[in-house]
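*Asks:*
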Amino acid sequence: MPELGPSPLMAGDPQLSVAEARAAIAAALKPIAGIETVTLADALGRVLAADLASPIDVPAHDNSAMDGYAFDGAVLDSASAAEFSVIGTVFAGQPFKGAVGAGECLRIMTGAVMPLGLDTVVPQELCQAGAGRVRIEAGVISRGENRRRRGEDLAVGRAALRGGRVLRPADLGLIASLGIASVSVKRRLRVALFSTGDELRSPGEPLDPGCIYDSNRHSLTGTLQRLGVQIIDLGLVRDDPAALQATLEAAVAQADVVLTSGGVSVGEADHTRALLAGMGEVAFWKVAMRPGRPFAFGPLHATLNGEQRSSWLFALPGNPVAALVTFYAFAREALLQLAGAHPEPLPVLQARCESAIRKRPGRTEFQRGIVSQAPGGSWQVRISGAQGAGILRSMSEANALVVLGHDQGSVAAGEPVDVWLFDGLA
Ligand code: AMP
Ligand code: MG
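This is the structure in structure tokens:
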């Protein structure tokens, strides 16, 4: 069981490690059920709804893997050369109809169907050809080489792709190679997004005294776009309980997930907490991490036209770096899971840290880093600029997050550290 936090304001809130918080979120969520059919042109990044079995053998027939000469390999003998007369040419898509006799071969192109009775292809660069004849020296090739077998990529009935797969370019090609033009995918996850704070203004508006521009909605929109979810942008909401409640209700009415930033820090938590307590079972978590606290998660309910609807709230901290780090740490895989995907964990790379980092055990720390290749080819990482939770420039300059684990202490210069590459964060 999680221990209780020491702060009076947070009394009763669970104190969790990052790993415990991630596990608790994963255990709470169930994938959405809806599915729809899309053509391959619209399938990139979508979540395959069910296993996709191959309706055909791939390839559909034995064929040549090379440009060369096809012959019956039974005559091959390791001690002596073989010679054939060339009686024709067989092209891809135009199967050879005639018969090939003893001592005969066919010129054959890559992908052409293997003619009846022939099982071996000698690549043109491994034989001597001229005047209608081909000679293959002893030991150059063995029987059956350079022939792709029917069904060797995929036998009929075998699962070509598993349900839950987030479709990538090669998958689209694979599905097309099966002759399938459209696929059943999960409907898009609907995510309502808004920022909270009286001080926030939208880019393009004049900046009133004491105000700042809302950056979180834009960086979070980017992360959501990369995940391929449907975004419902509910804009900016003032620190006013009535406005917040109305926006939360509108969000729950439309979305599977409500993603907010700001308004859950210690100074602001009380009114948010009171409001959320009346709308669902949201927990304010004290996660042992930096940056990132505070963070709230749980189900919200609202009634729309007499029908009760529920959504999952992910309330991220307002500091721009903390908002992104908590998104990557807690929301990214959770949204994939809700979308029906089998999320692959973020790719972790080990890189040599160029400088020492002070760190105390007992919390996970995320630092912005610039990963590059050292002259010998190994990976190294340099911490980028000032690391304050509000300093977005260091995040923008970085290409990775350095993840210093819960139990880890200070890092000496030259020691390896774990990094999450941003470009793996799709
Ligand atoms: P909060 O979590 O609401 O207490 O906000 C913490 C800090 O992050 C404050 O300095 C806020 O002004 C700032 N902040 C909150 N929301 C945003 C936002 N959407 N864009 C930029 N900064 C924000
Ligand atoms: Mg605020």
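Residues 227 to 652 in the numbering used here are what the sequence shown lists, from first letter to last.
We put the beta carbon where it would ideally sit given N, CA and C, even for glycine.
Since this is a predicted model, take the numbers as computed values, not measurements.
In chain order, what residues of the same chain have a beta carbon less than 8 angstroms from the beta carbon of G390, not counting five sequence neighbours either side?
*Replies:* Answer for G390: V273, L274, G566, A567, H568, listed in chain order.
*Asks:* Measuring straight from C-alpha to C-alpha, what distance separates G635 and E246?
*Replies:* The alpha-carbon atoms of G635 and E246 are separated by roughly 19 angstroms.
*Asks:* Out of V490, A639, L400, which has the shortest C-alpha to C-alpha gap to S280?
*Replies:* Ranking the options by Cα distance to S280, first place goes to L400.
*Asks:* The ligand MG and S428: does the residue's C-beta get closer than 8 angstroms to at least one heavy atom of that ligand?
*Replies:* Not so, every heavy atom of the ligand MG lies at least 8 angstroms from the Cβ.
*Asks:* For the pair the stretch 518-536 and the stretch 449-457, tell me if three or more CB-CB distances fall below 8 angstroms.
*Replies:* These segments do not touch.
*Asks:* In terms of residues, what are the limits of the alpha helix (DSSP H) holding T486?
*Replies:* No alpha helix (DSSP H) holds T486; the beta strand (DSSP E) holding it covers 483-487.
*Asks:* Tell me whether D649 sits in a helix, a strand or coil according to DSSP, three-state version.
*Replies:* The answer is helix: DSSP assigns D649 an H, G or I state.
*Asks:* Helix, strand or coil, according to DSSP, for P228 in the structure here?
*Replies:* The predicted model places P228 with a pLDDT of 35, which falls under 50 and marks its position as unreliable; any figure quoted below should be read in that light. Coil at P228, not helix or strand.
*Asks:* Rounded to the nearest angstrom, what separates D379 and P285 at their Cα positions?
*Replies:* The straight-line gap from Cα to Cα measures roughly 7 angstroms.
*Asks:* Which parts of the stretch 576-620 are runs of the alpha helix (DSSP H), unbroken and 4 residues or longer, counting only runs that do not cross its ends?
*Replies:* Listed in chain order, there is nothing to give.
*Asks:* Give a yes or no on contact between the stretch 544-558 and the stretch 576-588, applying the rule of three or more CB pairs nearer than 8 angstroms.
*Replies:* No, the stretch 544-558 does not touch the stretch 576-588.
*Asks:* Does the stretch 476-491 come close enough to the stretch 533-540 to have 3 or more Cβ pairs within less than 8 angstroms?
*Replies:* They touch, by the three-pair rule.
*Asks:* What does a CB cutoff of less than 7 angstroms around D345 pick up in its chain, not counting 5 residues either side in sequence?
*Replies:* Excluding sequence neighbours, D345 sits near D298, G299, R369, G370, R373.
*Asks:* Taking 8 angstroms as the cut-off, does the CB of S441 come closer than this to any heavy atom belonging to the ligand MG?
*Replies:* Not so, every heavy atom of the ligand MG lies at least 8 angstroms from the Cβ.
*Asks:* Can you tell me whether S445 is helix, strand or coil according to DSSP?
*Replies:* Helix, per DSSP.
*Asks:* Where in the stretch 433-478 do unbroken runs of the beta strand (DSSP E), each at least 3 residues long, occur, reported from the N-terminal end onward?
*Replies:* For the stretch 433-478, whole beta strand (DSSP E) runs of length 3 or above, ordered along the chain, are 456-463.
*Asks:* According to DSSP, simplified to helix, strand and coil, what is L235?
*Replies:* Residue placement at L235 is poorly supported in this model, since its pLDDT is 34, which falls under 50; the coordinates still yield a value, given next. Of the three classes helix, strand and coil, the one that applies to L235 here is coil, per DSSP.
*Asks:* Going straight from the alpha carbon of A237 to that of R499, what length do you get?
*Replies:* Its pLDDT being 43, under 50, A237 is placed unreliably in this model, and the coordinates cannot settle the point.
*Asks:* Under 9 angstroms between the Cβ atoms of V490 and P520?
*Replies:* For V490 and P520, yes; Cβs fall inside 9 angstroms.
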